[in-house]
């Protein structure tokens, strides 16, 4: 059996938190904001990567890249740039024989959601992938194709997500021992206990998890009263909620239909062009893209419930 093509989908790299506040006790202060501004990808890194990897929209009318968060929230950090470059170099070593003596411009196709952090992550990964290739220069840059996020991510309404979260909470309360205690403890830490209808309100664990992940990645302290055990429980349960939601054909999975058509089209194009031309397709997307794709392919039954970390790849 011969390998003729590789399609790799990865999450963007390390970023600043998207959510500014969860409850009353976890809020981004002026000092926090200043810290995250200091951690964002440098202007020098952006200029270097823009020179090596040119960004092209899906058509001439494509809008400019979306911020993905109110600045400085949701933007790639310098740590994210460095890590994605390392991942690109490691990927090249893994497929060194497969890509040997190939013109990288001819055999690699890369696409990204039209959001700044995924674009910069893809540029960083490609810079690492092509770090020892003389043909990649500012005069002959690699081309990264951007698409509307709906083509690579689940697209659902706020109502859909709220219904899914409420359903997950009901299932957790009735089937998962220890969930009620975790929920109450989290409400205490976040300052939610005592507000109107606090006993029945749904704790947005996926929003909380993304903020906590950012703190952990930068070795910043967790909120007062939150232990490392509680953090791990939050991460695990937030992942459980997502896998339940995105594996449900009537809930999260139906919002991934367009993205699945995009992946099918990418594979079809690759098969038609391989092995003479395209050998590698790279997709820079988001954590929910990976979870929804794993669920659509029914891989979660064997892979288990894992929250995709920064740079995770399928």
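Numbering (my numbering), first residue to last: 1 to 314.
Even for Gly, the Cβ is constructed at its ideal location relative to N, Cα and C.
### Message
Three or more C-beta pairs under 8 Å: does that hold for the stretch 179-186 against the stretch 138-154?
### Response
Flag = no, the stretch 179-186 and the stretch 138-154 do not touch.
### Query
Cβ of residue 55 within 7 Å of Cβ of residue 285?
By one-based count along the chain shown, residue 55 stands at place 55. By one-based count along the chain shown, residue 285 stands at place 285. Going by C-beta atoms, residue 55 is not nearer than 7 Å to residue 285.
### Task
Please list the segments of the beta strand (DSSP E) lying wholly inside the stretch 89-134, counting only runs of 3 or more residues, in order along the chain.
108-113
### Message
Rounded to whole angstroms, what is the Cα-Cα separation between residue 45 and residue 29?
### Response
The residue labelled residue 45 in the question sits at position 45 within the chain shown. The residue labelled residue 29 in the question sits at position 29 within the chain shown. So the two alpha carbons sit approximately 27 Å from each other.
### Message
For residue 37, count the other beta carbons within 10 Å of its own beta carbon; 16 or more makes it buried, fewer makes it exposed. Which is it?
### Response
Residue 37 sits at position 37 when you count from the first residue of the chain shown. Classification of residue 37: exposed, given that the 10 Å Cβ count is below 16.
### Task
Let me know the secondary structure DSSP gives residue 202 once reduced to three states.
Taking the first residue of the chain shown as 1, we reach residue 202 at position 202. Residue state, collapsed to three classes: coil.
### Message
Among 189, 235, 238, 291, whose alpha-carbon lies nearest the alpha-carbon of residue 260?
### Response
What you label residue 260 is simply residue 260 of the chain shown in a count that begins at 1. Nearest of 189, 235, 238, 291 to residue 260, Cα basis: 291.
### Task
Mind checking which residues open and close the alpha helix (DSSP H) that includes residue 245?
Position 245 of the chain shown, counted from the first residue, corresponds to residue 245. Unbroken alpha helix (DSSP H) run through residue 245: 228-246.
### Query
If we count the other Cβ atoms within 10 Å of its Cβ and call it buried at 16 or more, is residue 249 buried or exposed?
As a first step, residue 249 is located in the chain shown; it is residue number 249 there, counting from the start. Around the beta-carbon of residue 249, fewer than 16 other beta-carbon atoms lie within 10 Å, marking it exposed.
### Task
For residue 21, count neighbouring C-beta atoms within 10 Å of its own C-beta (all shown protein chains included) and say buried if the count is 16 or more, exposed if not.
Within the chain shown, residue 21 is the residue found at index 21, counting from 1. Label assigned to residue 21: exposed.
### Presumed contact (8 Å Cβ cut-off) between residue 318 and residue 164, rounded CB distance
Any question about residue 318 goes unanswered here, given that the chain covers just 1 to 314.
### Message
Between the alpha carbons of residue 158 and residue 172, how many angstroms are there, rounded?
### Response
Counting from one through the chain shown, the residue named residue 158 turns up at place 158. Counting from one through the chain shown, the residue named residue 172 turns up at place 172. If I take the Cα positions, the gap works out to 21 Å.
### Rounded C-alpha distance that separates residue 113 from residue 92
Numbered from its first residue, the chain shown carries residue 113 at position 113. Numbered from its first residue, the chain shown carries residue 92 at position 92. Distance between the alpha carbons of residue 113 and residue 92: 22 Å.
### Query
Of all the options 224, 221, 208, which has the alpha carbon lying nearest to the alpha carbon of residue 236?
By 1-based counting over the chain shown, the position of residue 236 is 236. The shortest Cα separation from residue 236 among 224, 221, 208 belongs to 208.
### Distance, residue 268 Cα to residue 138 Cα
As a first step, residue 138 is located in the chain shown; it is residue number 138 there, counting from the start. As a first step, residue 268 is located in the chain shown; it is residue number 268 there, counting from the start. C-alpha separation (whole angstroms): 31 Å.
### Straight-line gap, residue 334 to residue 202 (C-alpha atoms, nearest Å)
As shown, the chain starts at 1 and ends at 314. That puts residue 334 outside it, with no answer to give.
### Message
Taking the straight line between their C-alpha atoms, what separation do you get for residue 314 and residue 295?
### Response
Reading the chain shown from its first residue, position 314 is the one you call residue 314. Reading the chain shown from its first residue, position 295 is the one you call residue 295. Answer to the nearest angstrom: the Cα atoms are 12 Å apart.
### Task
Taking only the alpha-carbon atoms, compute the straight-line gap between residue 67 and residue 1 and give it to the nearest angstrom.
In the chain shown, residue 67 corresponds to position 67, counting from 1. In the chain shown, residue 1 corresponds to position 1, counting from 1. Going from the Cα of residue 67 to the Cα of residue 1 covers about 43 Å.
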